[in-house]
Structures are given as structure tokens and as C-alpha cells.
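So that you can map any letter, position 43 of the sequence shown is 724 in our numbering, and since no number is skipped, the others follow by simple counting. The beta-carbon is built from N, C-alpha and C at its ideal position, and this holds for glycine as well. Report on the structure given below.
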Amino acid sequence: MPDNIIAPAIPTVPVTSTVLEALRAIVGERGLILDEPGKQPFVTDWRGSTVGTAAVVVRPGNTEEVSKVVKLCFDNGIAIVPQGGNTGLMGGATPWPTHSGILLSLGRMNHVLDVDPVGYSMTVEAGCVLQTLQETAASHDRFFPLSLGAQGSCMIGGNLSTNAGGVQVLRYGNARNLVMGLEVVLPNGDVWNGLRSLKKDNTGYDLKHLFMGAEGTLGIITKAVLKLWPAPKDVCTAWLAIRDPQAAIEILSEAHAASDDNVGSCELMSRACTDMVLRHIPGTQDPLKADTPWFLLLEWSSSRAKAEGAEGMSDKMEQFLGEQLEAGRVLDAAIAQSEAQSRNMWVIRESVAPASRAEGPGLSYDISVSISKIPEFIDKGIKAALNILPSIRPYPLGHIGDGNLHFSFMGPKGMDRPTLHQYSPAITRAVNDLVRDMAGSISAEHGIGIDKIDELAHYRSRIELDTMRSLKRALDPKNIMNPGKILRL
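Spelled out as C-alpha cells, the structure:
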């Protein structure tokens, strides 16, 4: 649990033996985890830095069981922490140490219920692993674009509850943009069935958007109707050594037209970040041994297969990079010639989080500013951190195509975590003040959870916070649904 965050007041009603027997009657013995070793992976966050408690882990097998469990907890005033794949970085799916209620895991609800390739939609349960959904769509010659490093273990319910971002936001939008309909269990146990496969539905408030990004504080997403796209048939991936971040955004700006609006991803990587991955992740290879502090991972894709003799994505990319070399923005480039080469480039990008864990203690900020302001933010943000701790090591990277930077730092070599965290409040304030001054967001895609609960209160207006509290109190009057996350009530 972060040292500088004081736990909010949350319900402390215990799970009695009577309630436990009622839970057992609903989900069966296999749906309960009571022993401490069994509960430990659920009450510990992915980073291993936030650890909470739960009287019992409840694993319902369907929506009816979720509804009955929630109704039981509502009637008894027992707090619920919903959880998907437990891959979040803000502690949103981790109970507080003072939590005396249940943790509700959706992992058993992992069925793909329907795939409609003609209508380009797929109906799924919340416990489906993201990569499974990507593969299911591909087996029907369709594409589900949500893509992030944890896709082999994160679950779609958690992705939607946190409005996950990832590397395809530039072209397809955040998770909320990939959804047609939802089924949600409300805090009193009622089930809202909004599983509509409609692209147009203008009948009043669009309720599904209340629950996406709410991190389980307003209800539990149990099913979703997801949008699909044509499967990519012609993909070109390139790793570029670039002059600087200003060159990166200029390259991106010109790439849209040069690719016929087929830019799928545009990821900025520092040399320091790349080298860290190469040090700690076995099997990765440097795509370009270039002496430059900045790289760009650029991918173009088209759903139209390259016809024999016709110009494809690779041809267009090669011509474009030649122009960028002449302009001095690109210093060197490697275009992937095989799936293995492309995969290596993506493994480097997607392995930054595990590599940073192996590197040692660090600080990371998930910020966004308008794309044109990214170079200025990087320059001022690094200087602000170095003014506070001159030996801190910057490792910036990010999805610059959507303005999202993972503005990361590793502690000075030899500095332990407690010492580094003494500097954390000052560096956090400096970085987040800069975000505010540049009209950005202190959380671009990771959410608020536990870690940023006080930062949200500091940077959001009273009107915004009061409106969010009004929604929370209206839907969850007993404050049992993931209490103490996002807001202090």
C-alpha cells in the first residue's frame, strides 16, 4: 500500500458464518476460496506493492450467481471488491488492508457466447482473457483491436471497467469505443441487460458509459457486446532511430496521409528504456544498433491484402521513410521482414513493465497531453525531476499517437525503494503540476484506483468531484461496491 495514502472510511461489516453458508449455497464449494495462501494472489496487486485483505474470495460461474452474491452483500452491508485478471497498476482491483468483506473474481465466467462476423460483433462474458478474444475474432477473419502488454492474462471485464487503452487507441479508440452493449449487476443485485448489438441507439442516457472507466465502483460488468473489424491482411512494422520527440510527432503527422490513413500504432521508446528491456528480457534483440536516444515503433496495416504487383504497406512505408531520412527526422530504420522480426519489436515495447520490475525501484506516471505538446512536456518534465533528484534515471516511453506518455523513472543505482519514495511526493507534484499547466490528464489509461485517489481530488474541480460522488451515492447508497477507490466519500 502506498505510504502516503491514508485509507478512506469503508464498510467494515464482517462476513459471518451465516453469510458464508449463504455464499456457499449460491456458488458451491468450488466457488469459494477461504485459505490464506489461496487468497493471496487475489489480494495482492500485479506489482506486489499493494496487499489487502478479504474474508473470502467468491468465484461465481454466471450472472445469476453474481446477482445473488451482490444482493446478499447489499442486504447485509458487506463490501465487495470486483476483480478480473488482476493486472491493473493503480490498485483498483486490490482490497484495502481494512477491507473485511469479499473479493468477487469473475475468472470462471469465461465463455464467448456469440460471434457475428456479418454484423461485426462478439458477445462475451467478463472473465474472458483478452488474448482469447483476439484469437477468437481472428478465427472468424475478424479483428478485435484492444491490445496491451497484459493481454495474455487480463480479462475483458477489467479492461472495460478501467477503460483500458493500449497500442491501438490511435486508430480504434479506448476500450469504451469498442463496445456496443453491456450487462451489469448493480450494487443492489439487480441486473441491467443492455446487451444490444446496435451502432445507433439514441434512447436517452447511454448507461453503458457509466460503468466503463468506473473501476467497479458503480456495478459489476458481467457481459459485453464488442465491436469487431476486418482482419488486417497487409501489415508493416518498422523500428526507427529518430532525431528527437519533435521529429516523432512530425513523422506521425505525415504518416497518416502517406499510409492512406492506415497508421495502427506509433510508440515512442527511449534508448534507455530499450536497453533496459534488452538487459532483462531473454530472447529480445536490438532491431537497430543506432547511437541515438530515441526510437519510434511505427506500424501500418490494411484489411486489403496486397495484390501481386501492386503497392502494399511495406512499399509505402519504405518510400515514406526515405522521405523522412532526407528531412532529417529519421536517422536509420529497420522494416520487419518477417513475423518474427515484427514480434521482436513488439516484445521490446510490451516488456517494459516486467523489465522495470527487474531493474529495481522506480516511479511511473501515466499522463496525457495534446500530441503537439509531447516534446515540451518530456523536456520540462525530465528537468523538473532532475532538479529534485539529480541522479534519477529517466525512462520515458508511450503511445504518442494518442498523446499518452508513460513518464517513468528508475531510482538511482543503489538506492532502495524506501529512500526513493522519500522523493516521490515532490516529483509527483512537479510532474502533475506540469500536466495541469499543459491542460493534460494525470491518468491517461491506468485509472485512479487506490494510488491516485488523492491526486484526483487535488487536480479535478469541485463540480466534477461532486458530480461523481452524486452518481456513486445514487447507484451505491451503502458504498459497498469497490469502496475507497477513485473517490473519498
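Asked, Found
"Residues near proline 641 by beta carbon distance below 7 Å, same chain, minus five either side", "Given that the chain is displayed from residue 682 to residue 1170, the structure contains no residue 641 and the question cannot be resolved."
"For leucine 1137 and arginine 1129, believed in contact at Cβ under 8 Å, the rounded distance", "Per the sequence shown, the amino acid found at residue 1129 is isoleucine instead of arginine. The Cβ separation is near 5 Å, so the contact holds."
"Collapsed DSSP secondary structure at histidine 1087 in the structure displayed", "strand"
"Glycine 1079, DSSP secondary structure in three states", "strand"
"Three CB pairs or more closer than 8 Å across the region 997–1006 and the region 895–908", "no"
"Cut-off 6 Å between Cβ atoms - residues of its own chain near serine 1023, not counting five sequence neighbours on either side", "Thr918, Ala1017"
"Burial state of glutamate 1126, where buried means 16 or more other Cβ atoms lie within 10 Å", "buried"
"Residues of its chain near valine 762, where Cβ-Cβ distance is below 8 Å and the 5 sequence neighbours each way are ignored", "Gly733, Ala735, Ala774, Thr775, Pro776, His780, Gly782, Ile783, Leu784, Leu785, Gly897, Asn1163"
"Collapsed DSSP secondary structure at glutamate 948 in the structure displayed", "strand"
"Delimiting residues of the beta strand (DSSP E) encompassing aspartate 1135", "Looking at the DSSP string, aspartate 1135 is not in any beta strand (DSSP E); the run it does join, the alpha helix (DSSP H), is 1134–1140."
"Three-state class that DSSP yields for methionine 1162 in the structure shown", "strand"
"Environment of aspartate 956 [buried if 16+ CB atoms lie within 10 Å]", "exposed"
"N-terminal and C-terminal residue of the alpha helix (DSSP H) that asparagine 1068 is part of", "1055–1069"
"Where tyrosine 801 falls, given that 16 or more other Cβ within 10 Å makes a residue buried", "buried"
"Candidates Thr965, Asp887, Leu787, Leu1152, of which the one nearest glutamate 745 by Cα", "Leu787"
"Beta-carbon gap between glutamine 636 and glutamine 849 smaller than 8 Å", "The structure shown does not extend to residue 636, since the chain spans only 682 to 1170, so no value can be given for it."
"Residue interval of the beta strand (DSSP E) (run including glycine 1130)", "That residue, glycine 1130, is in no beta strand (DSSP E); it is neither H nor E in DSSP."
"Buried versus exposed call for glycine 1082 [16 or more other C-beta atoms within 10 Å across all chains shown]", "buried"
"Classification of asparagine 883 by the beta-carbon crowding that lies within 10 angstroms, buried from 16 upward", "exposed"
"Close beta carbons around aspartate 795, own chain, < 6 Å, minus the five adjacent residues each side", "Thr804"
"Inter-stretch contact at 8 Å, needing at least 3 Cβ pairs: the region 966–983 / the region 920–939", "yes"
"Completely contained beta strand (DSSP E) runs for the region 865–901, where each covers 3 or more residues", "872–875"
"Nearest-angstrom Cβ-Cβ length linking threonine 973 and leucine 1012, presumed shorter than 8 Å", "6 Å"
"Distance between beta carbons of phenylalanine 1088 and isoleucine 1048, contact taken as under 8 Å", "6 Å"
"Residue interval of the beta strand (DSSP E) (run including aspartate 795)", "793–797"
"Per-residue DSSP class, three states only, for tyrosine 801", "coil"
"Cα-Cα separation between asparagine 1068 and serine 1051, rounded to whole angstroms", "25 Å"
"8 Å CB neighbourhood of glycine 894 in its chain, flanking five on each side removed", "Ser842, Thr843, Asn844, Arg857, Gly1128"
"Three-state class that DSSP yields for tryptophan 777 in the structure shown", "coil"
"Serine 748 burial status per 10 Å Cβ neighbour count (16 or more: buried)", "buried"
"The region 1019–1039 touching the region 941–954, judged by at least three CB pairs closer than 8 Å", "yes"
"With 16 other Cβ atoms within 10 Å as the buried cut-off, status of alanine 819", "exposed"
"Rounded separation between alanine 988 and alanine 1008 - CA only", "30 Å"
"Short Cβ contact (8 Å threshold) for methionine 1119 with lysine 1054", "yes"
"Local conformation of isoleucine 1016 per DSSP, three classes", "strand"
"Enclosing beta strand (DSSP E) for proline 689 [first to last residue]", "Note, proline 689: premise wrong, no beta strand (DSSP E); not H, not E."
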